[in-house]
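So the protein sequences, as listed, match chains A and B.
Under the working numbering, the first residue of the first sequence is numbered 2, with each subsequent residue one higher.
Under the working numbering, the first residue of the second sequence is numbered 2, with each subsequent residue one higher.
First up is the structure itself, then whatever we jot down about it.
Number of protein chains: 2
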Amino acid sequence: MSAAPEVAPVELADGRIRVVIEHVTPLVDGGRFPIKRVLGDSIEVQADCFGDGHDVVACSLLWRHARSAGWQSAPMQPLGNDRWSAAFVIDALGTWQYTVRAWVDPFLSWRHDFQRRLEAEDLRVAARTGALLIEEAAQRAELGGDAALLRAWAQDLAGAASAGAAPDELRRIGLDEARAAIARRQPDLRHSLTFGITAKVTVERRRAQFSSWYEFFPRSAAGDGVRHGTFADCEAWLPYVQRMGFDVLYFPPIHPIGRVQRKGRNNTRDPGPADHGSPWAIGAEEGGHDALLPQLGTLEEFRRLVRRADEHGIEIAMDIAFQCAPDHPWVREHPEWFRRRVDGSIQYAENPPKKYEDIYPFDFESNDWPNLWRALAGIFEFWIAQGVSMFRVDNPHTKAFGFWEWVIAQVREKHPEVIFLSEAFTRPKVMHRLAKVGFSQSYTYFTWRNTKQELTDYFTELTRGPGREYFRPNAWPNTPDILPAALQWGGRAVFMSRVALAATLAANYGIYGPAFELLEARALRAGGEEYQDSEKYELRAWNRDDPASLAAYIGVLNRARRDNAALQSDAGLRFIDIDNDQMIAYAKSTPDRSNIVVCVVNLDPHHLQSGWLTLDLAALGLEANQAYQMHDLLTGSHFLWQGARNYVSLDPQRSPAHVMQLRSRLRRESDFDYFL
Amino acid sequence: MSAAPEVAPVELADGRIRVVIEHVTPLVDGGRFPIKRVLGDSIEVQADCFGDGHDVVACSLLWRHARSAGWQSAPMQPLGNDRWSAAFVIDALGTWQYTVRAWVDPFLSWRHDFQRRLEAEDLRVAARTGALLIEEAAQRAELGGDAALLRAWAQDLAGAASAGAAPDELRRIGLDEARAAIARRQPDLRHSLTFGITAKVTVERRRAQFSSWYEFFPRSAAGDGVRHGTFADCEAWLPYVQRMGFDVLYFPPIHPIGRVQRKGRNNTRDPGPADHGSPWAIGAEEGGHDALLPQLGTLEEFRRLVRRADEHGIEIAMDIAFQCAPDHPWVREHPEWFRRRVDGSIQYAENPPKKYEDIYPFDFESNDWPNLWRALAGIFEFWIAQGVSMFRVDNPHTKAFGFWEWVIAQVREKHPEVIFLSEAFTRPKVMHRLAKVGFSQSYTYFTWRNTKQELTDYFTELTRGPGREYFRPNAWPNTPDILPAALQWGGRAVFMSRVALAATLAANYGIYGPAFELLEARALRAGGEEYQDSEKYELRAWNRDDPASLAAYIGVLNRARRDNAALQSDAGLRFIDIDNDQMIAYAKSTPDRSNIVVCVVNLDPHHLQSGWLTLDLAALGLEANQAYQMHDLLTGSHFLWQGARNYVSLDPQRSPAHVMQLRSRLRRESDFDYFL
């Protein structure tokens with residue numbers, strides 16, 4: 002083998018490599034970031050593979066868990082136009098890798114030509130060539146069955162050629178399908194090429210893709226708005242949360258709250274002695290991010306709550322807000338982690354002219370950044386040790402992206418089950434970057450997307466755009482920071498339609514309760530989105546037994562989600578044409594279409610609206626004239642539909658949404674009785 | 002500075018780098034391949050640049066010729082949504098590089114906040130902070146004017162703050178625009194990030210983007226079809242080719258033609274002793290790829306022809322066909338460069354059941370590939386030394402892609418003026434790969450795209466798809482291998498419309514003449530595309546003075562191309578709606594819209610067709626009710642148009658195409674006389 006010429010092409014160690022691999026998908030930013038999947042998913046990989054001339058190319062998908070030494074492989078199948086595909090199933094958490102190997106295959110090229118040869122002498126020469134290639138395959142085969150079988154085949158073929166066998170006989174031997182399958186298992190990979198990029202997959206547990214969040218202030222758990230709630234009080238809420246069907250119970254910060262510059266009720270700057278302050282002003286003399294607010298209880302009581310929640314099928318998610326109250330211990334112990342003003346004081350958070358004197362942000366440009374990073378990673382470690390595996394991260398977009406990429410990788414290295422939700426309500430590319438660097442789920446603009454056009458555009462982008470590989474939306478109709486205008490003015494019908502939209506458009510969604518299900522709609526200021534008497538600054542009393550409560554309605558929605566795999570993923574969303582701009586319609590389906598849910602929502606909270614849907618029957622796996630049943634999972638009503646065009650009418654005062662399971666196989670004649 | 006944590010993110014040497022650079026464009030396959038441009042082009046580069054929080058980010062475009070040590074730079078301007086843009090002009094041939102640098106800018110962040118501060122004390126503290134930042138900028142400035150100016154500003158600002166200056170006074174000093182411009186020249190780049198990919202540009206001369214090719218067999222240059230043409234005979238054709246307006250005269254191979262297995266007339270296998278064989282069967286006892294067919298003349302005569310062509314503004318393009326006749330000297334000298342059959346003979350070219358016994362392909366899997374590569378590179382070098390700078394490469398898709406990438410880079414390293422045309426009529430991804438690995442221009446499917454829909458789809462893909470950065474189409478209505486069915490049956494009108502389409506849709510185009518302008522339409526076999534009595538196998542007599550000749554028509558087309566910059570690039574093509582499926586309409590314009598050409602072609606060769614165009618007036622820079630003149634560059638006719646909808650009628654027997662220059666500024670009232 003001679004030395005390579007001076008200016009060898011980038012990827013060629015050997016000029017005899019004639020194959021090309023291009024456009025491997027999925028791949029995020031050229032492989033810089035992993036795609037995201039959950040346990041059990043099948044990952045389809047495609048690539049363009051081709052060589053020069055008309056020789057036959059073959060290619061394999063290679064994959065492995067990042068901790069495995071060896072690669073698994075499967076042959077890729079041609080899709081036409083030089084594109085190839087194969088899939089693999091992921092069966093363990095953590096990071097997986099995949100890439101593609103391709104080669105010009107001498108045996109397959111020979112076979113391709115052999116089928117097309119006409120002349121007897123030509124066939125005999127080619128048969129001898131084939132016998133040599135098969136003999137080489139036998140040499141590559143390990144000792145055992147394959148080698149012997151191939152050797153016998155090579156002898157048969159060479160023998161027939163020497164004996165002057167007729168063309169049909171040569172073809173019969175040379176094109177033997179069963180023996181060719183054996184030869185294909187021993188490809189000549191001497192001039193194979195492996196794609197230059199090893200793509201990565203972050204594999205998480207299923208809850209990363211499908212989760213129902215209930216945000217709740219433990220401070221109000223006592224229920225009377227006077228006594229400070231405890232973890233023990235929170236236990237009493239578990240059956241209520243379970244009945245509503247939520248599987249994640251998310252607490253705002255539960256750490257000691259700073260006393261310096263503490264905020265009063267409704268975000269005032271003159272708190273009374275009984276005021277509790279904002280839980281996001283973290284740290285006081287009792288401790289910082291690894292301590293608990295004494296009023297809530299002890300670490301032991303917190304761990305007990307986590308266990309009790311688990312018994313109810315509920316996981317506790319913690320709030321991670323990396324910022325300090327002025328009396329946080331770290332301010333004293335690590336002054337180098339904070340920015341200093343020219344007058345020597347520590348720089349509080351500000352966005353001029355606004356000031357947040359009760360919050361000191363960390364300085365991610367600190368020269369001591371490695372120790373700051375390690376300390377913050379330690380906070381995750383601490384709470385993971387207490388049994389927490391889900392974190393909602395507060396304002397991650399105000400901390401360095403590089404830190405998140407590092408800390409999430411650090412945590413996942415030991416705890417691949419941990420789920421991170423990014424609370425970044427900010428510019429689109431910033432939100433996407435946070436998802437790319439590792440956050441499992443992301444808050445979205447759903448909170449402010451109200452019209453049919455807005456919702457259609459946004460969820461089409463989320464589920465069909467490039468972000469679908471790494472950005473998992475988590476849709477919230479409200480949060481403690483955001484009481485959207487629509488909820489302030491639309492009344493009960495809007496609460497119902499907004500939660501129905503969130504629960505069916507997004508596989509991950511959440512509400513801030515009990516404010517939501519109890520229809521809390523009072524804003525602090527007209528034109529603003531802050532709640533009046535916000536729990537962020539005070540204890541609240543909530544009447545769970547209010548007859549107007551949407552708890553039962555939400556329970557039905559969450560049961561529909563739990564019973565229908567189509568609602569547990571974002572991939573299968575397709576909007577449906579409906580001839581009324583006040584109504585939105587969409588279908589969600591599993592990849593095999595065994596479960597299909599069709600949703601129709603009346604976006605007008607004041608009037609009955611009706612319209613004609615035009616369904617894409619082929620996409621739903623339906624025949625043109627087939628009758629099919631639509632079973633409304635919210636009301637129990639059934640409708641018999643037929644063909645593409647069907648009529649829907651929704652009265653917002655009764656139920657602004659249909660969430661209908663499509664049943665295309667009616668089992669008995671009597672199934673029709675529903676409609677008679 | 003402390004050590005980095007264990008699992009540092011890929012691109013972070015320093016955790017304090019808070020800025021992100023994403024989605025830099027243009028970039029081909031993540032920077033694996035260069036984009037292509039020509040001398041004098043301005044290259045606009047865009048990137049997403051942003052940081053965490055609300056600090057202000059700044060970024061620069063960096064560029065250089067690959068042979069320069071230092072980078073040039075220019076500030077990028079925000080386009081909104083975290084996207085930035087800047088451009089640079091290329092003023093030398095060869096490879097250029099560009100990348101992006103971004104940083105969180107402390108001075109600009111300070112300035113952004115300072116503008117928004119309201120309270121006097123707050124402003125005074127901030128003024129002192131600003132003075133420190135400006136002082137730092139002064140330290141970064143080299144000794145000289147900037148440092149002194151900045152230091153004075155810092156003192157002014159700090160002084161005013163100490164003296165308790167009023168808010169307005171502090172703002173006046175602190176927000177001084179002129180002084181801020183000086184500070185911006187000295188950014189704090191300590192935590193800047195440079196994009197991980199250095200993008201490449203292949204910069205070629207203008208002819209790579211705009212060229213008019215005339216393919217001509219020198220063997221027929223004597224004109225009588227009996228005597229073998231010579232280079233001296235070719236000289237006599239130069240004025241004719243010049244009058245038609247072509248600037249590239251491309252010769253099929255001019256090397257000695259093999260005698261072993263020589264083909265007879267019309268590709269028969271029993272040549273007579275007077276038959277000349279196919280010039281693509283290269284090599285005989287007289288020599289190989291670096292020799293000339295003795296009948297054509299000597300190397301000295303060839304060089305003289307190259308010089309004489311240059312005097313006519315015409316460049317000679319050579320055919321590079323890397324394959325050998327059986328009697329090519331290399332077959333004897335380098336048997337290891339060819340594949341061997343099992344019977345010991347050398348493998349001829351075949352695509353079973355077809356055989357090409359007069360052609361031996363090179364074996365690009367030869368163990369001696371480095372020497373083969375060097376020998377083939379030597380062929381380019383040899384002809385470049387004779388004055389040739391344009392090569393049409395025959396069937397590059399049957400040779401290894403890696404070889405082309407290497408050899409084109411090798412040649413361009415010393416001869417950046419050399420232009421390579423890829424003659425690959427094959428699958429789309431293969432054609433694109435050849436363009437990516439370096440070919441300047443590529444043959445296209447134009448030859449078989451006849452209908453309005455086909456042409457619209459194909460040229461939209463070529464000019465708007467990702468290939469626009471690297472794939473320069475060269476459109477041919479015919480070649481010696483392809484007499485398309487449309488030309489066989491459509492008559493003169495189709496010859497006219499096809500050449501008009503090629504010349505106006507594509508900035509690079511060519512014809513195989515005189516067969517084309519003399520309307521040669523006789524096919525060897527019905528249903529095939531081979532010419533009857535093809536010049537590939539015999540000498541032909543051509544009557545240049547045939548009154549039916551399209552030479553004058555083509556001359557007018559080429560003059561329109563030469564006079565209209567819009568026709569000299571593929572970027573400015575936009576199709577225009579016209580309400581007749583037999584008619585196609587499109588506009589081409591320069592980026593500044595100073596030159597706009599509107600073309601309308603009747604695709605029906607038999608009937609007069611007419612229709613209404615709907616122009617996008619805004620895209621053409623026209624007012625809604627403005628009158629504008631359309632000057633037909635083919636006929637000299639003028640039309641006065643107004644508004645978006647205008648009527649066109651074309652009689653294929655007279656002229657099936659309008660190629661109209663849009664003149665929106667009528668200079669005098671009398672300009673209207675044309676239409677009265």
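Built from N, CA and C at the ideal position, the CB exists for glycine as well.
CB contact below 7 Å: residue i versus chain A
i                      : result
residue 264 of chain B : no
residue 232 of chain B : no
residue 353 of chain B : yes
residue 366 of chain B : yes
residue 51 of chain B  : yes
Pairwise C-alpha distance: residue j and residue i
i                      : j                      : result
residue 256 of chain A : residue 583 of chain A : 45 Å
residue 227 of chain B : residue 362 of chain B : 32 Å
residue 651 of chain A : residue 280 of chain A : 42 Å
residue 107 of chain B : residue 183 of chain B : 15 Å
residue 671 of chain B : residue 632 of chain B : Note that residue 671 of chain B scores 46 on pLDDT, short of 50, meaning its location in the model is unreliable and no value can be drawn from it.
residue 443 of chain A : residue 41 of chain B  : 46 Å
residue 317 of chain B : residue 147 of chain B : 55 Å
residue 588 of chain A : residue 648 of chain A : 15 Å
residue 540 of chain B : residue 306 of chain B : 20 Å
Residue i, buried or exposed, once every other Cβ within 10 Å from all chains shown has been counted against 16
i                      : result
residue 638 of chain B : exposed
residue 668 of chain B : Any answer about residue 668 of chain B is weak, because its pLDDT of 47 lies below 50 and its placement is not dependable; what the coordinates show is given next. The residue is exposed, with fewer than 16 neighbouring Cβ atoms inside 10 Å.
residue 355 of chain A : exposed
residue 679 of chain B : Given that chain B is displayed from residue 2 to residue 677, the structure contains no residue 679 of chain B and the question cannot be resolved.
residue 663 of chain B : buried
residue 617 of chain B : exposed
residue 114 of chain A : buried
residue 352 of chain A : exposed
Residue i - containing beta strand (DSSP E), residue span
i                      : result
residue 355 of chain B : 355-357
residue 213 of chain A : 212-216
residue 249 of chain A : 249-252
residue 392 of chain B : 391-395
Any C-beta of chain B under 7 Å from that of residue i
i                      : result
residue 329 of chain A : no
residue 188 of chain A : no
residue 370 of chain A : yes
residue 452 of chain A : no
residue 19 of chain A  : yes
residue 55 of chain A  : yes
Continuous alpha helix (DSSP H) stretch holding residue i: start and end
i                      : result
residue 385 of chain A : 370-386
residue 181 of chain B : 178-185
Near the ligand SAH: residue i beta-carbon under 6 Å from a heavy atom
i                      : result
residue 343 of chain B : This structure simply doesn't include the ligand SAH, nor any ligand for that matter.
Using a Cβ cut-off of 8 Å, which residues of the region 157-168 of chain A contact any Cβ in chain B, in chain order? none
Between the region 411-441 of chain B and chain A, which residues of the former have CB atoms less than 8 Å from a CB of the latter, in chain order? 411, 414, 428, 429, 430, 431, 434 and 438
Mind listing which residues of the region 102-133 of chain A have their C-beta closer than 7 Å to chain B's C-betas, in chain order? 114, 117, 118, 119, 126, 129, 130 and 133
Please identify, using Cβ separations under 7 Å, the residues of the region 331-350 of chain A that lie next to chain B, in order along the chain. 342, 343 and 344
Counting only Cβ-Cβ distances shorter than 7 Å, please list the residues of the region 387-403 of chain A near chain B, keeping chain order. Within the region 387-403 of chain A, the qualifying residues are 398, 399, 400, 401, 402 and 403.
If the cut-off is 7 Å on Cβ atoms, which residues from the region 190-215 of chain A count as contacting chain B, listed in chain order? 192
Under 9 Å, CB to CB, which of the residues in the region 29-45 of chain A have a partner in chain B? 30, 31, 32 and 33
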